[in-house]
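Engineer: In our numbering, the protein residues as written are 42 to 270. Beta carbons are placed, not taken as given, at the ideal position from N, Cα and C, and that holds for glycine. Please read all numbers here as calculations on a predicted model, not as lab measurements. Below are the structure tokens for one structure; questions will follow.
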Amino acid sequence: MRTTRVHGVVKSVLFCIIAILFSIGGTCALFYGFRIQNIYIEGDHVTFDIDQSKVTRNLLFFPSEKVRQSLLLAFPIVKDIEIQKMYPSTLKFIVTQRLPLARLVTHDQSFVLDEDGYAIGTPDEKTKTLVPLYFDVPMQEVGEKVKSDPVQRALHIFREFPKEYPIIKIESIEKQSIRVVISQSDIFFPQEGDVVEHIRTLQTLLAGFRIKGAMPAHIDLRFGKPIVR
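Quick look at the structure:
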């Protein structure tokens, strides 16, 4: 009987020891097996530093969304960042840059804008041929979003405009209207109203003139009915 009790106690002690060892091993694996050792950044001409003293160095607990939001706030010229955890020890950042769409030209500044209206740089040899947008807006800095309603509307028109009719320039006139210049026509848009609906009306008009083989010099979409001459 006594031998049986001793064996039972020994088994219990061994079980406790094994459980403790597994617990210690699991804790070590949790904190050291998933330690961040490699960071990769995927994106052209993109680099940034992460202060690991301010975030956990354990891949399991790395706050991906919090870091993503912080980076987007710090780098407004970046459109999006995807953070991938590649276990056991690698972080991958996939960076989507903002692409140049047009040039904003004011009385004393010129900036390259993306489709959302962010000033992503100043014109260079590659971007100086972008369509100019002539608008008088307050001073801007690279990385800032142009909040001017006329500029945002001009960008919306540009994005929706039929691609078969290349735009030469877009400009503000009379502070209430926007003029889009193409090769044979000046097209006038109101500062208010549904841009998509105006573009649909314009496409219908242009298709008809294209069939006739003659483009009007003036298309005015600012009123209830288009004025063409």
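1) Could you compute how far the alpha carbon of Ile-209 sits from the alpha carbon of Val-269?
2) In chain order, which continuous runs of the beta strand (DSSP E) of length 3 or greater are located wholly inside the region 91-148?
3) Closer than 6 Å by C-beta to Arg-251: which residues in its own chain qualify, once you throw out the five before and the five after it? Chain order, please.
4) Along the chain, where does the alpha helix (DSSP H) containing Leu-262 start, and where does it finish?
5) Among Phe-264, Glu-83 and Gly-84, which residue has its Cα nearest to the Cα of Phe-230?
6) I want to know whether the region 130-142 touches the region 75-85 - three or more CB-CB distances under 8 Å.
7) On the DSSP letters alone, give me the boundaries of the beta strand (DSSP E) that Arg-220 sits inside.
8) From Ser-64 to Gln-78, what does the alpha carbon distance come to, in whole angstroms?
9) Considering Val-237, what are the terminal residues of the alpha helix (DSSP H) in which it resides?
10) What does the Cβ neighbour count give for Asp-165, buried or exposed, with the cut at 16 atoms within 10 Å?
11) Which term fits Ile-80, buried or exposed, when burial requires 16 or more other beta carbons within 10 angstroms of its beta carbon?
12) Quick one: grab the DSSP three-state call for Pro-207.
13) At least one CB of chain B closer than 8 Å to the CB of Ile-252: is that the case?
14) What are the uninterrupted segments assigned as alpha helix (DSSP H) that are 4 or more residues long and contained completely in the region 155-203, given in chain order?
15) Any idea which residues DSSP pairs Ile-77 with across the strands?
16) Quick check: Ile-122 and Leu-132, are their CB atoms within less than 8 Å of each other?
17) For Asp-85, which of helix, strand or coil comes out of DSSP?
18) Only counting the same chain, and skipping five residues up and downstream in sequence, which positions put a Cβ closer than 7 Å to that of Pro-191?
19) Please classify Arg-194 as buried or exposed, where buried requires at least 16 neighbouring CB atoms within 10 angstroms.
20) Pro-324 lies in the beta strand (DSSP E); which residues open and close that run?
21) Label Leu-113 either buried or exposed according to how many other C-beta atoms from any shown protein chain fall within 10 Å of its C-beta, with 16 as the threshold for buried.
Structural biologist: Reading from the atomic positions:
1) Within the sequence shown, the letter at position 168 stands for residue 209. Within the sequence shown, the letter at position 228 stands for residue 269. About 20 Å.
2) Unbroken beta strand (DSSP E) stretches of 3 residues or longer found wholly inside the region 91-148: 119-127, 131-138 and 143-146, given in chain order.
3) One-based indexing of the sequence shown puts residue 251 at position 210. Hits under 6 Å: none found.
4) Working through the sequence shown from its first residue, we reach residue 262 at position 221. No alpha helix (DSSP H) contains Leu-262, which DSSP labels as neither H nor E.
5) Along the sequence shown, one-based indexing puts residue 230 at 189. Taking only the C-alpha atoms, the option nearest Phe-230 is Phe-264.
6) Contact check between the region 130-142 and the region 75-85: three or more CB pairs, one atom from each, fall below 8 Å, which counts as touching.
7) Walking along the sequence shown from the start, residue 220 turns up at place 179. Per DSSP, Arg-220 is one residue of the beta strand (DSSP E) stretching across 218-223.
8) Indexing the sequence shown from 1 puts residue 64 at position 23. Indexing the sequence shown from 1 puts residue 78 at position 37. Per-residue confidence for Ser-64 stands at a pLDDT of 48, beneath the threshold of 50, marking its modelled position as unreliable; no derived number is given.
9) Numbered from its first residue, the sequence shown carries residue 237 at position 196. 236-253 is the extent of the alpha helix (DSSP H) around Val-237.
10) As a working note, residue 165 is residue 124 in the sequence shown. Taking a 10 Å sphere around the C-beta of Asp-165, we find fewer than 16 other C-beta atoms and assign the residue as exposed.
11) Looking up residue 80 in the sequence shown gives position 39. Exposed is the label assigned to Ile-80, since fewer than 16 other Cβ atoms lie within 10 Å of its Cβ.
12) Residue numbering aside, residue 207 sits at position 166 when the sequence shown is read from its first letter. Residue state, collapsed to three classes: coil.
13) Annotation note: the requested chain B is absent from the structure, which comprises a single protein chain.
14) DSSP runs (the alpha helix (DSSP H)) wholly in the region 155-203: 190-201.
15) On the sequence shown, position 36 is the one that residue 77 refers to. Paired residues: none, contrary to the question.
16) Along the sequence shown, one-based indexing puts residue 122 at 81. Along the sequence shown, one-based indexing puts residue 132 at 91. In this structure, Leu-132 does not lie closer than 8 Å to Ile-122 by Cβ.
17) Within the sequence shown, numbered from 1, the residue matching residue 85 stands at position 44. Looking at Asp-85 - three-state DSSP - the assignment turns out to be coil, as it is neither helix nor strand.
18) For the purposes of this step, residue 191 is identified with residue 150 of the sequence shown, where counting begins at 1. Leaving aside the five residues that flank Pro-191 on each side, the residues in its chain whose CB is nearer than 7 Å to its CB run, in chain order, Phe-176, Ser-213, Ile-219 and Gln-232.
19) Counting from 1 along the sequence shown, the entry for residue 194 is found at position 153. Arg-194 is buried by the Cβ-count criterion.
20) The requested residue 324 is not part of the displayed model; the chain covers only 42 to 270.
21) Here residue 113 refers to the residue found at position 72 when the sequence shown is read from its first residue. The residue in question, Leu-113, is exposed, as its Cβ has fewer than 16 Cβ neighbours within 10 Å.
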